[in-house]
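S.K.:
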Amino acid sequence: MSEEAAFLEAIARNPADKTARLVFADWLQERGDPRAPWVRDDELWEWMMPQAKDPTGDLVAATARAREGHKTVGALVRLGPSALPKVFAFLAKGVPGASNLHDALELLGPSAEPQLALLLKETQSEKRDARFGAYRCLARLAPHNEKAMEAVRAGASHTDYMIRQLAIATLAGLGAQERTTGREREAECRTLHELVRSGTEEQAADALRALVKFGGLDESLIPALVRHTINPANPARDAAIRGLAQLGEPGARGLLAAAVHFAGSGWFSGAFKTIGAVAVPPLREALNSPDDKVRQLATVMLTERLESAPDPELMPEVVSALIALFRSPETEYHRSARYALDRLGPAAQAAVVLPLREELNNPNGKVRQPVTVMLAEHLARAPVPELMPEVVSALIALFRSPETEYHRSARYALDRLGPAGRAVAPVLLECIGRGDEFIRDYRATFSALGLSAGEVVPTLLRAVESLPLDRVRSYGRDLGELGHGRAALLHAMRRPGPNVLSEVREILSQVSFTGLKELDDVLRKETGADHSSCRELARLVLEASPDEAIDVITPFLSDKSKVTRLVAVHALWHANSTESVPGLLLALRDKDKTVRITALRALGQLGAGTAGVEGTVRAMLTDRAQDVRDVALEVLVTFAPKPE
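Here this note's numbering is used: the first residue of the sequence shown is 37, the next is one more, and so on.
1) CB-CB under 6 Å to Ala-416, same chain, minus the five flanking residues each way: which ones, in chain order?
2) How many Å lie between Lys-157 and Val-248 at the Cα?
3) Does the Cβ-Cβ distance between Met-410 and Arg-374 come in under 8 Å?
4) Pick out whichever of Ala-484, Gly-457, Leu-526, Leu-338 has its Cα sitting closest to the Cα of Pro-494.
5) Under DSSP, the alpha helix (DSSP H) around Phe-362 begins and ends at which residues?
6) Could you tell me if Gln-213 is buried or exposed, where buried requires 16 or more neighbouring beta carbons within 10 angstroms of its beta carbon?
7) Identify, in the order they occur along the chain, each residue of the same chain with its Cβ nearer than 7 Å to the Cβ of Thr-646, setting aside the five sequence neighbours on each side.
8) By a C-beta neighbour count over all protein chains shown, 10 Å radius and 16 as the cutoff for buried, is Gly-521 buried or exposed?
9) Quick one: which unbroken alpha helix (DSSP H) runs of 4-plus residues sit fully inside the segment 473-560? Chain order, please.
10) Looking at C-alpha atoms only, which residue of Gln-65, Leu-137, Asn-50, Phe-60 is the closest neighbour of Gly-93?
11) By Cβ distance below 8 Å, which residues in the same chain neighbour Leu-434 in space, the five residues on each side in sequence not counted?
12) Express the C-alpha separation of Tyr-197 and Ala-166 in angstroms, rounding to a whole number.
13) Report buried or exposed for Pro-91, applying the criterion of at least 16 other Cβ atoms within 10 angstroms of its Cβ.
14) At what residues does the alpha helix (DSSP H) containing Gly-110 begin and finish?
15) If we ignore side chains and look at the alpha-carbon of each, how far apart do Ala-387 and Ala-360 end up?
16) Can we say the segment 495-509 touches the segment 581-600, given the rule of at least three CB pairs closer than 8 Å?
17) Looking at C-alpha atoms only, which residue of Leu-621, Arg-341, Arg-289 is the closest neighbour of Val-330?
18) My output table needs one value for Met-85: the three-state DSSP class, helix, strand or coil.
19) According to DSSP, is His-610 helix, strand or coil?
20) Run through DSSP, which three-state label would Leu-119 get?
21) Could you check how far apart the C-beta atoms of Val-558 and Val-508 are, in whole angstroms? I think they sit under 8 Å.
22) Can you list, in chain order, the residues of its chain with a C-beta nearer than 8 Å to that of Ala-178? Leave out the 5 residues immediately preceding and following it.
23) Report the rounded CA-to-CA distance for Val-39 versus Trp-74, giving the unit in angstroms.
24) Please check the pair Leu-608 and Ala-638, which I expect to be a contact at CB under 8 Å, by giving their CB distance rounded to whole angstroms.
25) If we require 4 or more residues per run, which alpha helix (DSSP H) segments fall completely within the segment 602-680?
26) What's the gap between the Cα of Ala-272 and the Cα of Arg-541?
27) Could you name the residues of the same chain whose beta carbon sits closer than 8 Å to that of Gly-235, not counting the 5 residues immediately before and after it, in chain order?
28) Just confirm the distance between the C-beta atoms of Val-631 and Leu-602, as a whole number of angstroms; I'd bet it's less than 8 Å.
29) In chain order, which continuous runs of the alpha helix (DSSP H) of length 4 or greater are located wholly inside the segment 570-596?
30) I believe Leu-127 touches Arg-172 by the beta-carbon criterion, under 8 Å. Please report the beta-carbon distance rounded to the nearest angstrom.
31) Would you kindly check if the distance between the Cβ of Ala-100 and the Cβ of Gly-145 is under 8 Å?
32) I'd like the list of long-range same chain contacts for Leu-578, defined as Cβ closer than 8 Å, with 5 residues on each side in sequence excluded.
33) Using three-state DSSP, classify Asn-181 as helix, strand or coil.
34) Rank Val-316, Asp-566, Ala-661 by C-alpha distance to the C-alpha of Leu-350 and give the top, closest one.
Put into C-alpha cells, the structure is as follows:
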C-alpha cells in the first residue's frame, strides 16, 4: 500500500477527526503537491474525498449551473489561478451560468498573473462569454500588472458595450484612487479624455459617465462637452451636461454656449444649481446676449437664484430681461417669462405691468397674447382699476381672433380674473354659438364670471338647432344637466337636412329626462321616414308665445307621424302647465303605446289635483298593453295623498 493510500484509509476510518487530514496536507505540501491547501479547506475536501482527486472540473461544472452555481463561486475561487483553463473551456462551450463563472474570474483577478498569457488570448476569443470573462479578470489584475493595464486600456474603445463599460469604469476608478501615482492617473484619464474627444458617441457616453462619477474632468474637455450637448439624441448628452456642471464658472460658460441650440431652460436648470453662485457672473453677462435662447436661459436661471438668494442689485436687470422675453414673438420665451415672474413675487410682477401695458395694442398677436394673459393674472392678484378696461378689451380681441391658441390662453386668464371680467361674457356666448372648440367646457368659466346657467341656456339651444353635429354633442349633455333636455329635443327637431332624426338621437344620447328611452326607441325605428310635420311642430312651438304654445301643439297630437305625436306630448310636458292636461288626456287615446306611456308620465307630474285626471288614468289600468297598465299604476300611486 502506498503512503497516500495509507493516509486516505486513516482519514476514511474517522472522517470527523481532522487530524489525519491535516497531517496528509502537510505531507502533500512537503512534496510540492498543489492539492495541499485544498485538503486543508473543509468545503474543498468535500469535493475531493474519498480519493483526494482534483476538484476543479466538478467545481467549475457546478458553478456553471444557472440556479445553484452561485453557491460554489467562493470554493472555485479558493482553488486559485490553476482553475482558469477549465473555466474558459466551459465558457467556450456556452453555459447557462456564465455570470457565476464571470464573478469567479473577477475574484481570481488579483492572483491571476500566472495565467496572464491565457487571459490575453481569451480577450480575442470568438465566444463573447469568454472575452468578457477575460476582461473581468484583467480589470482586477490591471493595478498590479502593466500588460493587463494595456489590455484594459484597449478595452475602453472595444465595440462590445459591456467590455467597454467595464474597461472605462476600471480606468476611471483607478484614476480616482489615492494610491495611484500622478503619472498613472494621467495615463488613465488621458485614455478617457481621448474617448470623449474623438470616440464614438457611445464610447464618449461611457467615458463621461465614468469621469463624472470618479473625477478626472478638466477645462480642456469643455469644447467636446459642449459638442456632445447639442444633439438631444446623443447618448453622451446628459453626462456632458453633468460634466460641465462640475467645472464651475468655465462650465457655466460652456452651458451658455450650448444654449444657442435650444429653446427652454429645462435641460440646464439642474446643472446651474450644481454650479451655484460662481455661475452668476456669466449668467449676468448673458442677459445682454444677442441670442434669444441664451438670454432666456440666463433670465430663468438668475430668477431661480434670486428666489433662494435675493440680490437687490441684480433684480432690475432680471426684470428688464423678463420684459424683453414677453415682447418676443416666441411662445417658449413667454412660458419661461411667466414661470420666472411667478417665482420672483409681487414686487417684480408690479414692476413689469406698466412697461408691458403698451403691448396690449401690439399688432403682433403672438406678443399681445402672453402680455394680456400675464396682466390679467396680475390684476386677479392685485387689482389696478385704470388698467382693467384695457385688459378686458384685449381679452375680447383675443376671443375674436381666428387663432384657437389665443382663445385657450384668454379663457385661462378669464378664469383667474373672475367677476371682474364679466364684460367678456357676451363674446364667450358668441363663441358658444359658433361651437368653438376651446369653449366646450365653458361652465367653469361662466361660474368664475358669476353668470347663471339661465344666461347661457338660450345660446346653447340656438346652437343645438344649427351647428354641425360634432360641435353640439356636449351642449346636449349640458342642457340635460341644467334641466332643459326637452327644450334641447324641440330645438334639435328644427335642424336642417334629411337626417334630422339620426342627429336628434345623437344629441339626445347625452341628455337625461323622463321618457327619453321610449323616445329614443321610436326615433331609432322611424329614422329615414318623412317627419317634416315634426319639424313644423317644433318651429311653431318655439316661435309661439307661452300662452299660445298649448294651442299650437294640440293639433299635432293627431298627426300621422308617430314621432310627431310623441314629440308633441313631450312639448306639452315641457310647457309645465296645467293647461297641458287636456292635450295629454287626448294623447291617452293614441294607438301607439309609447305615446300613451309618455302622456301618463307627464300627467303624473302635471295632472295631480286636476278634475277628471285620476279617473281617466285609473281607466288605463285596463289598457291592452301591460307596459301602459304598469305606468298607470305608478301614476296613481303618485296621486295618492301622502300619509301624515
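Glycine is no exception: its CB is placed at the ideal position from the N, C-alpha and C atoms.
M.R.: Concretely, from the data shown:
1) Along the sequence shown, read from residue 1 onward, the residue named residue 416 stands at position 380. Excluding sequence neighbours, Ala-416 sits near Arg-452, Leu-453.
2) Position 121 of the sequence shown, counted from the first residue, corresponds to residue 157. Position 212 of the sequence shown, counted from the first residue, corresponds to residue 248. Each residue's alpha carbon lies about 32 Å from the other.
3) For the purposes of this step, residue 410 is taken as residue 374 along the sequence shown, with counting starting at 1. For the purposes of this step, residue 374 is taken as residue 338 along the sequence shown, with counting starting at 1. Cβ distance < 8 Å, so Met-410 and Arg-374 count as in contact.
4) Start at 1 with the first residue of the sequence shown, and residue 494 comes out as number 458. It is Leu-526.
5) Taking the first residue of the sequence shown as position 1, residue 362 is located at position 326. Element bounds for Phe-362: 351-362.
6) In the sequence shown, counting from the first residue as 1, residue 213 sits at position 177. Confidence at Gln-213 is low in this model, with a pLDDT of 49, below 50, so its placement is unreliable and the value that follows should be read with caution. Exposed, since its Cβ has fewer than 16 Cβ neighbours within 10 Å.
7) Position 610 of the sequence shown, counting from 1, holds the residue named residue 646. Same-chain partners within the cutoff: Thr-614, Val-617.
8) One-based indexing of the sequence shown puts residue 521 at position 485. By the 10 Å Cβ count, Gly-521 comes out buried.
9) 479-485, 489-502, 505-517, 521-528, 536-544
10) For the purposes of this step, residue 93 is identified with residue 57 of the sequence shown, where counting begins at 1. Considering only Gln-65, Leu-137, Asn-50, Phe-60, the residue with the shortest C-alpha distance to Gly-93 is Leu-137.
11) On the sequence shown, residue 434 is found 398 positions in, with the first residue counted as 1. Cβ within range, chain order: Gly-401, Arg-404, Gln-405, Thr-408, Tyr-442, His-443, Ser-445, Ala-446.
12) Reading the sequence shown from its first residue, position 130 is the one you call residue 166. Reading the sequence shown from its first residue, position 161 is the one you call residue 197. So the alpha carbons of these two residues sit roughly 15 Å apart.
13) Reading the sequence shown from its first residue, position 55 is the one you call residue 91. Buried, by the Cβ-count rule.
14) Taking the first residue of the sequence shown as 1, we reach residue 110 at position 74. Where Gly-110 is concerned, the enclosing alpha helix (DSSP H) starts and stops at 109-114.
15) The residue you call residue 387 lines up with position 351 of the sequence shown. The residue you call residue 360 lines up with position 324 of the sequence shown. Answer to the nearest angstrom: the Cα atoms are 13 Å apart.
16) no
17) The residue given as residue 330 occupies position 294 in the sequence shown. When only C-alpha atoms are compared, the closest one is Arg-289.
18) To locate residue 85, count along the sequence shown from 1; it is residue 49. The answer is coil: DSSP assigns Met-85 none of H, G, I, E or B.
19) Residue numbering aside, residue 610 sits at position 574 when the sequence shown is read from its first letter. Of the three classes helix, strand and coil, the one that applies to His-610 here is helix, per DSSP.
20) Along the sequence shown, one-based indexing puts residue 119 at 83. The displayed chain sequence assigns Ala, not Leu, to residue 119. In the three-state scheme derived from DSSP, where H, G and I count as helix and E and B as strand, Ala-119 is classed as helix.
21) Taking the first residue of the sequence shown as position 1, residue 558 is located at position 522. Taking the first residue of the sequence shown as position 1, residue 508 is located at position 472. The Cβ separation is near 21 Å, so there is no contact.
22) Your numbering for residue 178 matches position 142 in the sequence shown. Excluding sequence neighbours, Ala-178 sits near Ala-184, Met-185, Ala-187, Val-188, Thr-206, Leu-210.
23) In the sequence shown, counting from the first residue as 1, residue 39 sits at position 3. In the sequence shown, counting from the first residue as 1, residue 74 sits at position 38. Contrary to the premise, residue 39 reads as Glu rather than Val in this sequence. Going by the C-alpha atoms only, they are around 19 Å apart.
24) Start at 1 with the first residue of the sequence shown, and residue 608 comes out as number 572. Start at 1 with the first residue of the sequence shown, and residue 638 comes out as number 602. Going by Cβ atoms, the distance from Leu-608 to Ala-638 rounds to 6 Å, so yes, they are a contact pair.
25) 617-623, 629-642, 649-655, 662-675
26) The residue labelled residue 272 in the question sits at position 236 within the sequence shown. The residue labelled residue 541 in the question sits at position 505 within the sequence shown. Ala-272 and Arg-541 have their alpha carbons spaced roughly 58 Å apart.
27) In the sequence shown, the residue the question calls residue 235 occupies position 199. Excluding sequence neighbours, Gly-235 sits near Ser-193, Ala-243.
28) Reading the sequence shown from its first residue, position 595 is the one you call residue 631. Reading the sequence shown from its first residue, position 566 is the one you call residue 602. Right, their Cβ atoms sit about 5 Å apart.
29) 582-589
30) Position 91 of the sequence shown, counted from the first residue, corresponds to residue 127. Position 136 of the sequence shown, counted from the first residue, corresponds to residue 172. In fact, because the Cβ distance is near 11 Å, the residues do not count as touching under 8 Å.
31) For the purposes of this step, residue 145 is identified with residue 109 of the sequence shown, where counting begins at 1. For the purposes of this step, residue 100 is identified with residue 64 of the sequence shown, where counting begins at 1. No. Outside cutoff.
32) Residue numbering aside, residue 578 sits at position 542 when the sequence shown is read from its first letter. Answer for Leu-578: Leu-526, His-527, Arg-530, listed in chain order.
33) In the sequence shown, residue 181 corresponds to position 145, counting from 1. Three-state result, Asn-181: coil.
34) The residue given as residue 350 occupies position 314 in the sequence shown. Of Val-316, Asp-566, Ala-661, the residue nearest in Cα terms is Val-316.
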